[in-house]
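Visitor: From first to last, the protein sequence lines stand for chains A and B.
The UniProt record's numbering numbers the first residue of the first sequence as 1 and each following residue consecutively.
The UniProt record's numbering numbers the first residue of the second sequence as 1 and each following residue consecutively.
Even for Gly, the Cβ is constructed at its ideal location relative to N, Cα and C.
The structure presented is a predicted model; accordingly, all values stated were derived computationally and were not measured.
Number of protein chains: 2
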Amino acid sequence: MDTGTPAPRRRMRADARRNYERLLAEAAAAFGEHGADFSLEEIARRAGVANGTLYGHFPTRRALLEALMGDRMRTLATTGEELLAHPSPFDGLAAWARAAMAHTTLYRGLGATLMQAIEDETSELHTACKAVLAAGEGLVARARAAGAARPDVTAPDLYALVNAAAWAGEQSSALQAERLLAFGLDGFRASTTGADDHMPSQR
Amino acid sequence: MDTGTPAPRRRMRADARRNYERLLAEAAAAFGEHGADFSLEEIARRAGVANGTLYGHFPTRRALLEALMGDRMRTLATTGEELLAHPSPFDGLAAWARAAMAHTTLYRGLGATLMQAIEDETSELHTACKAVLAAGEGLVARARAAGAARPDVTAPDLYALVNAAAWAGEQSSALQAERLLAFGLDGFRASTTGADDHMPSQR
DNA sequence: ACCTGAACACCGTTCAAGT
DNA sequence: ACCTGAACACCGTTCAAGT
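1) List, in order along the chain, the chain B residues whose C-beta lies closer than 8 angstroms to that of S172/A?
2) Quick check on the DSSP output: what are the complete beta strand (DSSP E) runs of length 3 or more inside the segment 129 to 176 of chain B, in order along the chain?
3) Check the Cβ-Cβ distances between F183/B and every residue of chain A, and say whether any is below 7 angstroms.
4) Taking DSSP as the reference, what is the three-state secondary structure of V17/A?
5) Beta-carbon separation of L83/B and A28/B under 7 angstroms?
6) Comparing the C-beta of W167/A with each C-beta of chain B, is any distance below 7 angstroms?
7) Check the Cβ-Cβ distances between P200/A and every residue of chain B, and say whether any is below 7 angstroms.
8) Should L180/A be flagged as near chain B, meaning a C-beta pair shorter than 7 angstroms?
9) Determine the chain B residues that contact A164/A at a beta-carbon separation under 8 angstroms, and present them in chain order.
10) Report the neighbours of A112/B on chain A: residues whose CB is nearer than 7 angstroms to its CB, in chain order.
11) Please confirm if the segment 165 to 183 of chain B is in contact with the segment 94 to 109 of chain B, defined as three or more CB-CB distances below 8 angstroms between the two stretches.
12) Threshold first: 4 residues or longer. Then list the alpha helix (DSSP H) segments lying entirely within the segment 60 to 128 of chain B, N to C.
13) Report all residues from its chain with a CB closer than 8 angstroms to the CB of H34/B; omit the five preceding and five following residues, and keep chain order.
14) Counting only beta-carbon atoms, is G187/B nearer than 7 angstroms to chain A?
15) Grab me the residues of V153/A's own chain with a C-beta within less than 7 angstroms of its C-beta, minus the 5 sequence neighbours each way, in chain order.
16) My assumption, with CB atoms under 8 angstroms, is that D157/B sits in contact with R179/A. Please give the rounded CB distance.
17) Pick out whichever of V49/B, L133/B, A36/B and F38/B has its Cα sitting closest to the Cα of R18/B.
18) If contacts are defined as beta-carbon pairs under 8 angstroms, then R62/B and L125/B qualify, I think. What distance do you get, rounded to the angstrom?
19) Does the beta-carbon of A195/B have 16 or more other beta-carbons within 10 angstroms, so that it is buried, or is it exposed?
20) Give me the DSSP bridge partner(s) of R189/B.
21) Closest to T113/A by CA distance: which of A166/A, R22/A and R98/A is it?
Structure, rendered in structure tokens:
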């Protein structure tokens, strides 16, 4: 049974639970309006709790983001697995990339956190990001195997493209983000001619 | 005669000029090591001047960046014009894109400022960025006209790609930046087959 | 078990007062 | 003409003291 709000991991005292949920609600509203870098102090203020109460529930900004977005990210990963059944390996990959970018666009400034969380094992978002990356990996591998994507395209390439395009969109326009994503995806496509260009080799 | 340091626009009192140059030197060092978001207060401290002295010379962070990078950006624009003589329109475009990305990589976190400066006419970096964009425009137009680039590729697309790839590199690795740029540029290439894909239409 | 609020060490920006 | 340094309004994070 899904309550709609992400549940804290264990039973909490009634007042604690109430504070936890008010903090989440205010954070969602504030991040949505002002971006993921919005002042945590101000969020606590709006939730009507003291400074330290926020840190008690969410020791870092990333922990707060994980509580807000963890489920959504796992859903994105599931969507990726489902798209493995898409009739066209490349179109399935492209459709998922667009969904992933829409996810990054949820809060302004999210891209940097999501990019760093992949490498940073101490990040509370690390596990969720890894799941998303793994879903991308499946789609990329399938497109490569089908000869639809270049043999050297990797999941980190896809992940970076999605977040970078989302970032560019934040600086200029949502349309620019879509265009950049489309160009990048087209660069992932296996060339029908045999003419390869100079791609820096893989990590 | 080039003195090596960017010259302030008018004659200054000797002490003012000395402060101006110490501030520039400390800013260059600090931005180089810690990124373009480094504390201005700390830069003033390191330069041995008071807080307000920095603001007297450079009313905004962007003004400081312009003093540090304006010349470099105009040089980049010139390089772009020279590359119009490159035998291959597409390779000339690609070479310039790589040079532009190297420029963005000068200080961490520069990409956002450079992206915003294009749209923000009040930015002290606006003029310099416009010159860079115009150089890109020339190269893109030539590649389009030669049938080497897709007919719908624009200078803003190129500008966004360069900065977004540089941004991605800052979050993960320089190699990832190069790869993203290469994929994006390949997406700019006119497809040898007639098969067009769904590109969101232009601004 | 959880909450409070002060404490600490920072920011960017402005501006009166000096020389 | 330029510089100083205090003033103002903010941050994130920690932690002793309370209930």
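Guide: Quick answer:
1) Taking the first residue of the first sequence as 1, we reach residue 172/A at position 172. Within chain B, the residues near S172/A are M115, I118, E119, P156 and A160.
2) none
3) As a position in the second sequence, residue 183/B is number 183, starting the count at 1. It does; some Cβ of chain A falls within 7 angstroms.
4) As a first step, residue 17/A is located in the first sequence; it is residue number 17 there, counting from the start. Before going on, a small fix: residue 17/A reads as Arg here, not Val. DSSP places R17/A in helix when its eight states are reduced to three.
5) Locating residue 83/B in the second sequence gives position 83, counting from the first residue. Locating residue 28/B in the second sequence gives position 28, counting from the first residue. Their beta carbons are not under 7 angstroms apart, which means L83/B does not touch A28/B by this criterion.
6) Residue numbering aside, residue 167/A sits at position 167 when the first sequence is read from its first letter. Interface residue, yes.
7) The residue you call residue 200/A lines up with position 200 of the first sequence. Yes, contact with chain B.
8) As a position in the first sequence, residue 180/A is number 180, starting the count at 1. Yes, its Cβ sits closer than 7 angstroms to a Cβ of chain B.
9) For the purposes of this step, residue 164/A is identified with residue 164 of the first sequence, where counting begins at 1. Those are A164, A165, W167, A168 and L180, listed as they occur along chain B.
10) Here the question's residue 112/B lines up with position 112 in the second sequence. Within chain A, the residues near A112/B are Q171.
11) yes
12) 61 to 82, 89 to 104 and 110 to 119
13) Residue mapping note: residue 34/B aligns to position 34 of the second sequence, counting from 1. Closer than 8 angstroms at Cβ, skipping near neighbours: R108.
14) If you number the second sequence from 1, residue 187/B lands on position 187. Closer than 7 angstroms: yes.
15) Taking the first sequence and counting its residues from 1, the one referred to as residue 153/A is at position 153. Only V140, R144 and F188 meet the Cβ criterion.
16) Locating residue 157/B in the second sequence gives position 157, counting from the first residue. Locating residue 179/A in the first sequence gives position 179, counting from the first residue. Yes, they are in contact, since the Cβ atoms of D157/B and R179/A sit about 6 angstroms apart, within 8 angstroms.
17) Counting from one through the second sequence, the residue named residue 18/B turns up at place 18. Here the closest residue by C-alpha is V49/B.
18) Position 62 of the second sequence, counting from 1, holds the residue named residue 62/B. Position 125 of the second sequence, counting from 1, holds the residue named residue 125/B. Confirmed, Cβ separation roughly 5 angstroms.
19) To locate residue 195/B, count along the second sequence from 1; it is residue 195. Low confidence applies to A195/B: its pLDDT is 48, below 50, so where it sits in the model is not reliable enough to give any reading.
20) Translated into positions along the second sequence, residue 189/B becomes position 189. Partner(s): A149/B.
21) Taking the first sequence and counting its residues from 1, the one referred to as residue 113/A is at position 113. With distances taken between Cα atoms, T113/A lies closest to A166/A.
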